[in-house]
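To keep things clear, I will list the structure first and then write my remarks on it.
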Amino acid sequence: MTKKQILILENNQKNFETLDAIFAKEDFDCSVALDKETLDGLNIEDFDLVLVNSHVQYIDVVALTTLVHADFAIKVPILYLDNAKEHNKKHLQECFDNGACEYFKKPFDKLEILSRVLYHFHQFQKMKECKLRVDKLAHLATMDQLSKSSSKMHMNAILKHEINNYKRYKVDTSIIYMSLVNVDKIVGVFGFEKGEKLIAMFAKELKKTLRESDTLARWVGSEFIILLTNTDAKISRTITQKINENLSKIEVMRGTKPIMAFGITQLTEEDNVEELINRAKYALKEAKKQTYGRIEVA
């Protein structure tokens with residue numbers, strides 16, 4: 002079982018040893034920084050909680066809260082220890098205003114400080130678990146699980162951004178709307194599961210042919226959209242010809258090679274996502290009528 006990690010910022014070793022003995026009972030692993038050099042060598046993100054003597058001299062404890070909370074998606078709890086003889090309400094208020102979540106005045110009750118530290122530790126764990134779930138849901142929303150490419154929803158957002166970017170900077174940008182023409186026939190003969198495997202395999206091979214700057218999304222069924230930034234329609238046609246040439250050689254099934262059709266269009270100032278996609282769809286429809294090549298620019 003992984004130990005709970007606490008970073009303690011203290012003035013002297015004896016104070017640290019006192020705290021370490023208290024927290025050891027609850028399986029906490031305590032690290033100490035007695036000077037700035039030691040603190041600079043530590044990564045606060047590695048800890049579950051930071052306990053600070055509010056009168057350490059080697060760091061501005063108010064600035065510490067700003068540092069921690071600015072860099073991380075969730076806030077590492079910061080708890081302060083204050084000496085009754087040096088108590089400064091204004092200083093303490095600054096700490097709370099900048100994100101401190103707890104305060105203890107010496108001499109403190111050992112059971113109380115342990116209980117409060119455990120409370121903040123468990124709250125922090127709950128926040129981390131919640132963030133993991135949110136990140137997983139976000140990943141599911143942006144990734145098409147069959148093709149392991151961008152989802153339709155995610156590509157919609159990307160296209161909106163690229164259209165706005167084009168209207169502002171006039172950087173040539175194109176999309177390729179492509180279809181696996183013979184998938185429906187394969188599904189009719191071999192079933193839906195075989196068709197899904199074909200799409201997944203095809204997407205894997207397709208990614209290998211694209212540039213790092215290109216974005217691939219599965220739009221619907223066996224249709225894909227490729228976003229080509231810094232690329233006009235003429236260059237997009239050349240790229241499409243290479244994609245067609247390379248992928249038409251692979252066998253997606255024994256004795257079966259992919260038959261593809263491509264609709265290409267370039268962004269214009271008047272575009273929104275719907276108009277852009279409809280123009281590319283029209284080009285794809287015209288490409289499917291062709292016997293050879295199956296590439297059309299709109």
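Using this note's numbering, the first residue of the sequence shown is number 2, and each one after it goes up by one. We put the CB at the ideal spot given by N, CA and C, even for glycine.
{"Query": "How many Å lie between Leu8 and Val33 at the Cα?", "Result": "6 Å"}
{"Query": "Would a C-beta distance cut-off of 7 Å place Met261 and Asn245 closer than the cut-off?", "Result": "yes"}
{"Query": "For Ala262, report the span of its beta strand (DSSP E) as first-last.", "Result": "261-267"}
{"Query": "Does the pairing of the region 223-234 with the region 170-188 give three or more beta-carbon distances under 8 Å?", "Result": "yes"}
{"Query": "Could you tell me whether the region 208-228 touches the region 287-296, where touching means 3 or more Cβ pairs closer than 8 Å?", "Result": "no"}
{"Query": "Can you tell me the Cα-Cα spacing of Asn12 and Lys127, whole angstroms?", "Result": "31 Å"}
{"Query": "Assuming Asn54 contacts Leu10 under a Cβ cut-off of 8 Å, what Cβ separation, rounded to an integer in Å, is found between them?", "Result": "6 Å"}
{"Query": "State buried or exposed for Asp83, treating a residue as buried only when at least 16 other CB atoms are found within 10 Å of its CB.", "Result": "buried"}
{"Query": "Are Asp49 and Phe105 closer than 7 Å when you measure CB to CB?", "Result": "no"}
{"Query": "Confirm, please, whether the CB-CB distance from Glu103 to Leu80 is below 7 Å.", "Result": "yes"}
{"Query": "Take Pro78 as the anchor and find which of Leu217, Ile60, Lys129 has the nearest alpha-carbon.", "Result": "Lys129"}
{"Query": "Kindly indicate which three-state DSSP category Tyr293 falls into: helix, strand or coil?", "Result": "coil"}
{"Query": "Could you compute how far the alpha carbon of Ser223 sits from the alpha carbon of Met144?", "Result": "16 Å"}
{"Query": "To test your reading of the DSSP string, which unbroken alpha helix (DSSP H) runs of 4 or more residues are found completely within the region 80-140?", "Result": "90-98"}
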